[in-house]
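Q:
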Amino acid sequence: MKIITVVAAIWQRADGRFFLAQRAAGQSFAGQWEFPGGKLEAQETEPQALAREMEEEFGIQAQIGSFFMESLHPYKPQKTIRLRAYWINSAQGVPQALEHAQLAWVLPQELLTYSLSQADIPIAKALLEQLD
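Numbered per full-length UniProt numbering, the sequence shown spans residues 1 to 132.
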């Protein structure tokens with residue numbers, strides 16, 4: 001079975017809201033919301049990949065923090081996504097939807113009301129458990 005490692009950003013503002021991005025038309029899982037991130041390129045560490053993705057997709061310079069958790073999701077027969085989430089410690093710039101349909105800052109209790117991608121749901125649930 002092929003496992004594809006993808007990194008995701010857990011970015012929380014001082015007011016407690018989390019950053020979500022909606023996948024654009026033409027992308028796999030179009031219309032679904034996600035903790036943004038992407039695939040690693042050759043020779044990248046996970047934090048390096050996440051910082052690059054945040055700059056490419058949102059035009060911000062993110063300081064990547066500690067690892068939060070991993071979520072495994074069977075995607076297709078013989079293919080699984082390993083989603084590894086990291087906290088964003090800080091970021092410079094205002095996020096822009098350069099590759100996504102919409103962006104949102106979401107209250108914790110609203111996370112599961114968004115149509116999250118399947119790999120992101122366990123992360124949202126873990127965040128809610130941590131906040132209780």
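Where is the CB? At the ideal position from N, CA and C, for every residue including glycine.
Please name the residue in 29, 20 and 3 whose C-alpha comes closest to that of residue 12.
A: Counting from 1 along the sequence shown, the entry for residue 12 is found at position 12. Looking at the Cα atoms, 20 is the closest of the given residues.
Q: Who pairs with residue 9 in a beta bridge, going by DSSP?
A: Position 9 of the sequence shown, counted from the start, is the residue given in the question as residue 9. In DSSP, residue 9 forms a bridge with 86.
Q: By a C-beta neighbour count over all protein chains shown, 10 Å radius and 16 as the cutoff for buried, is residue 74 buried or exposed?
A: Your numbering for residue 74 matches position 74 in the sequence shown. It counts as exposed.
Q: Starting from residue 23, trace the beta strand (DSSP E) in both directions and tell me its first and last residue.
A: For the purposes of this step, residue 23 is taken as the residue at position 23 of the sequence shown. First-last of the beta strand (DSSP E) with residue 23: 18 to 23.
Q: Figure out for me which residue from 70, 88 and 87 has the closest Cα to the Cα of residue 80.
A: Reading the sequence shown from its first residue, position 80 is the one you call residue 80. Among 70, 88 and 87, the Cα nearest to that of residue 80 is on 70.
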